[in-house]
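Here's the structure, in C-alpha cells; my notes come after.
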Amino acid sequence: MGFQNNTAETEQILTENYERYYRLAYSYMRNEDDALDVVQESAYRAIRDCRKVRNKDYLSTWIYRIVVNTALDMLRRKKKENITEELPEIPVEDQYQDLELRTVLNQLDDKSRTIILLRYFEDLKLEDIADIVGDNLNTVKARLYRSLKKLRLNLEAEHYREIPDKS
Numbered sequence: 001m002g003f004q005n006n007t008a009e010t011e012q013i014l015t016e017n018y019e020r021y022y023r024l025a026y027s028y029m030r031n032e033d034d035a036l037d038v039v040q041e042s043a044y045r046a047i048r049d050c051r052k053v054r055n056k057d058y059l060s061t062w063i064y065r066i067v068v069n070t071a072l073d074m075l076r077r078k079k080k081e082n083i084t085e086e087l088p089e090i091p092v093e094d095q096y097q098d099l100e101l102r103t104v105l106n107q108l109d110d111k112s113r114t115i116i117l118l119r120y121f122e123d124l125k126l127e128d129i130a131d132i133v134g135d136n137l138n139t140v141k142a143r144l145y146r147s148l149k150k151l152r153l154n155l156e157a158e159h160y161r162e163i164p165d166k167s
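In C-alpha cells:
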C-alpha cells in the first residue's frame with residue numbers, strides 16, 4: 001500500500017507546480033486550450049491513481065510523467081503537431097529566435113524533445129528525467145548529448161537558410 005495522505009499531498013504538489021505542468025503541456029500542444037486540457041486530465045489521473053505511489057519522494061516525478069504521457073496521448077488522438085499555433089506573447093526582439101528554436105525542437109523525436117524541455121526549460125535533474133521518460137540514466141545522458149548536437153546542427157542550418165545571398 002502507498003504512503004498516508006496521498007491525495008492531500010498530490011493536490012498540494014499539483015497546486016504548487018501548476019505553471020510548470022502547464023508550460024510542459026503547452027510545449028507539446030502549442031495551444032492554450034489543449035494544454036489546459038492536458039493539465040486537467042493529468043491532475044485527474046494523478047489524484048485518481050495517487051494511492052499507487054509507494055514513495056512520496058517520487059510523487060512529483062510521477063506527475064511529470066503523467067503530464068508527458070497525457071500530452072502524447074492527446075497528440076496521437078488529434079494527429080496534429082502544428083508548432084506555430086497560438087504562440088505566446090513574447091518580446092518582439094525574441095520572436096524570431098523563439099520561433100526558430102521551436103521549429104528545430106519540433107524536428108526532434110518526442111522522447112528527445114521531452115528530455116531537452118525537462119532539463120533546460122523545467123530545470124530537472126537527469127535522474128528525475130530518467131524516471132519520467134522511463135529510461136536508465138546513461139541512456140538519458142546519451143540521448144541528451146545526441147539531441148543537443150542535432151539541435152545545434154538544425155539551428156545552424158535554419159540560421160544559414162535565412163541569410164540572403166549577396167550575389
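For what it's worth, UniProt numbering labels the leading residue of the sequence shown as 1, then goes sequentially.
C-beta atoms are modelled at their ideal positions from N, C-alpha and C, and glycine is treated no differently.
This structure is a prediction, so every number in the text was calculated from the model and none was measured.
Assigned exposure category for residue i - 16 Cβ within 10 Å defines buried
i, result
"L105", "buried"
"N136", "exposed"
"T10", "buried"
"A35", "buried"
"L153", "exposed"
"P91", "Here the model assigns P91 a pLDDT of 48, short of 50, so the residue's position is not dependable and the matter cannot be decided."
"Y64", "buried"
"N138", "exposed"
Backbone CA spacing between residue i and residue j [nearest angstrom]
i, j, result
"E156", "S27", "22 Å"
"L126", "V53", "21 Å"
"E89", "A8", "Annotation note: pLDDT 48 at E89 (below 50); position unreliable, coordinate value reported separately. Approximately 34 Å, taken between the alpha carbons."
"A130", "R45", "21 Å"
"Q95", "A142", "Per-residue confidence for Q95 stands at a pLDDT of 46, beneath the threshold of 50, marking its modelled position as unreliable; the derived number appears in the next sentence. Whole-angstrom Cα-Cα distance: 31 Å."
"D109", "K150", "11 Å"
"L75", "M29", "7 Å"
"E41", "A25", "11 Å"
"R48", "Y18", "17 Å"
"V140", "E100", "25 Å"
Proximity of residue i and residue j at Cβ, strictly below 7 Å
i, j, result
"T114", "V68", "yes"
"D128", "T70", "no"
"I13", "L72", "no"
"R20", "E122", "yes"
"L117", "L124", "no"
Legend entry - Unbroken stretches of the alpha helix (DSSP H), 4 residues or longer, contained in the UniProt domain "RNA polymerase sigma-70 region 2" (15 to 80): 18 to 29, 32 to 49, 59 to 78
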